[in-house]
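Some notes on the structure that comes next.
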Amino acid sequence: MFLLFLLALLALIIPASADLPRYYQSDDADLMESFNSTDLNEIAEHTDILFLKYPSAVSEQNRRFISSFPSTGDDESVIPLGVQTESSDVIRDAYIKLIPVNGLIKTPSAYYADKEVTIGYVADYRIVLPPDDDEGDVRYYYSLKGASITVEVEGKVSGSKKDVFTVHPTGNTIEAKAEIKAVINVRKEVDVEVTRNNTTYIVTHVYHYTQHHSLSVADNIPLEFCKPSDVYMLKDEKGILEYWVFPNRFVAEIRSNGTAVGGLMSFLTYRTVKDAVIKPLNSHEALSEPAYEVLALPAYQLTSNNVAILDRKVEEAEVSLEKDFTVGSLYRVKALRISFTKNIELVDAFGNVLSCNLHEKYYLRPDVDVKVEDVGDKYAVTIRISATEEAYSGPVYVTAGRKQFTLNASDGVVSFETDKGYKKVGYAIPSTFIGEWYKSNRSVLFKPVSGTLIIGEPDSLLLTMYKLIYIGIGVLPFVIAYLLVKWILYDENT
């Protein structure tokens, strides 16, 4: 509880100093050193702080990383540790690395993206001129005329070694391509023997031209998209009763009419770039502003009885530990039974409303029609049970006079025969509602209903006797009272 309070308090603080403040760093708390692993289980083992909301402070930190990344000349390349490079004969140690700034969350297999993503990059290279060849009759001298880089990220173009773009991803990846060009001045000297008047001279012819070199490097961020969640809605005659929600792993909140169920996802931050290698010296440099990523985890400290919720109670939350995670207190929510009575929205970590497959079911009081027919010395009773054209199937408990029996309705109909006579016929239908009502293969669940009716005509003699008895019961108290008063008066006179 204290940790949750601390996280909520710290979420209001905007970092202003270099690097993320300690309370924004999920990693390295136990080891007191940076932790660069990308294995989720290993990361979680060294995690002290989990966030219940997307930690937006990472965005500003990664902007600082990009802006402060070391700038180099043409003879030097600063490479984030672990980044693969490409080289040609002139252009060496070239690379481009994409840096998520905002709107991207790391998952075990890819990244989950917001509709609008802020993406940055750092890129570098170095130019190695061919060695001058100053021996012999033909000599070459090389100098750099100029070098340039052109970067394209999702249609946005920049001529800088580092930049930040806002893009709207549409494909399965965010692609970055950098084309590096180098133009080299070449001075070619050719010695030629020239003989004039029996005298041999060495004449040097000088030629100037340029060589053009290019090299392309690329990087990409694979994207993972949210599949629709299954949502089951239960209604009755008055409106919505409740929901069963089966959220996919990118659902962070469930909202309804100003109320939200949260905590379905948690997040941690970890450093992805903190050191660099400087070529050609192969020296290491610790970066003053590391780059961070936000990693999506299952819900934090959920139990089978509760989740992090704001206003409404969540009933029977079924949870299970995802096989990719072995850390205690991290759970993947499989299903939620929620007693919201308004329409709901499934929302991701960025506040986007997610699509869902909505399945509507109804819990209704059935209509019952009873028909009695005279068939010789018996009555044939037919009971029809349905709701919104959905026929009831199940047990019907029947009483006919003193007899009690159970019939099974088929296609909404039960029928039976009973001896003629004056009697009461009753029926009762149990509720077909179950807690996991979404599993029902029917669209209508039936409320319990019962009723009675009188069939047959009473015997006239018995009816007369019943009337006399009723009259006697009604008159008897007055007769007794009259006799009692008369006895009291008689006693007083004597």
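Oh and the sequence shown: position 352 is 351 in numbering that gives the first Met the number 0, straight run, nothing missing. Backbone N, C-alpha and C fix where the C-beta goes; we use that ideal spot for every residue, glycine too.
Non-local C-beta neighbours of S213 in its own chain, meaning closer than 7 Å and more than five positions away in sequence, comprise E178, I179 and K180, ordered along the chain. Per DSSP, the continuous beta strand (DSSP E) segment holding A93 begins and ends at I90 to K105.
When DSSP states are grouped into helix, strand and coil, Q403 belongs to the strand group. Remark: C-beta atoms of K278 and S70 do not approach each other more closely than 7 Å. CA-to-CA, the gap between D88 and D136 works out to about 25 Å.
Our two residues, V474 and M464, have alpha carbons roughly 15 Å apart in a direct line. Secondary structure at Y437: helix, using DSSP grouped into helix, strand and coil. Q60 counts as buried, since at least 16 other C-beta atoms from the protein chains shown sit within 10 angstroms of its C-beta. Comparing alpha-carbon positions, the option among F266, E188, K161 and A122 lying closest to V205 turns out to be E188.
Separation of G81 and V182 (C-alpha to C-alpha, rounded to the nearest whole angstrom) is 29 Å. The beta-carbon distance between V412 and R383, rounded to whole angstroms, is 5 Å. This is short enough to meet the 8 Å contact definition. P79 places its beta carbon less than 7 Å from that of V272.
Annotation for F64: the continuous alpha helix (DSSP H) segment containing it runs A56 to S67.
V163 and G119 do touch by the CB rule: their CB atoms are close to 4 Å apart, below 8 Å. The continuous beta strand (DSSP E) containing Q210 extends over residues T198 to E223. One Cα belongs to A348, the other to L51, and the distance between them is close to 10 Å. Taking 7 Å as the cut-off, the Cβ atoms of L263 and A112 do not count as close. The beta carbon of F445 sits closer than 7 Å to the beta carbons of L363, P365, A386, Y391, I428, S430 and T431 from its chain, once the five residues preceding and following it are set aside; these are given in chain order.
DSSP lists no beta-bridge partner residue for G473. Contact between the segment 371-381 and the segment 401-408 is absent, with fewer than three C-beta pairs closer than 8 Å. Taking 7 Å as the cut-off, the Cβ atoms of I337 and Y231 do not count as close. The three-state reading of DSSP puts K466 in helix, counting H, G and I together.
In the three-state reduction of the DSSP assignment, L80 falls in the coil class.
Exclusion of the five residues before and after E174 leaves N219 as the residues of its chain whose Cβ lies within less than 6 Å of its Cβ. Of all alpha-carbon atoms in V57, K114, P129 and F64, the one lying nearest the alpha-carbon of R91 is that of P129. Scanning its chain for C-beta atoms nearer than 6 Å, with the 5 sequence neighbours on each side dropped, one finds around K155 the residues F164, in chain order.
Cβ contact annotation for S449 (same chain, cutoff 6 Å, sequence separation greater than five): A427, in chain order. Contact annotation: T451 and G420 have beta-carbon atoms that are not nearer than 7 Å.
Take L143, set aside five residues on each side of it, and the residues of its chain with a beta-carbon closer than 8 Å to its own are D73, I126, L128, A181, V182, I183 and N184, in chain order. At the C-beta level, A109 and K160 stay beyond 7 Å of one another. Bounds of any beta strand (DSSP E) do not take in K446, whose DSSP letter is neither H nor E.
By the Cβ neighbour-count rule, S265 is buried, with 16 or more other Cβ atoms within 10 Å of its own. Between the C-alpha atoms of A295 and S414 there is a straight-line separation of about 59 Å.
Cβ-Cβ separation between V100 and T117: approximately 4 Å, consistent with a contact (criterion under 8 Å).
By the criterion of a C-beta distance shorter than 8 Å, V395 is surrounded in its chain by I382, I384, T405, L406, N407, A408, V413, Y426, A427 and I428, once the five residues flanking it on both sides are discounted. In the three-state DSSP reduction, V412 falls in the strand class (E or B).
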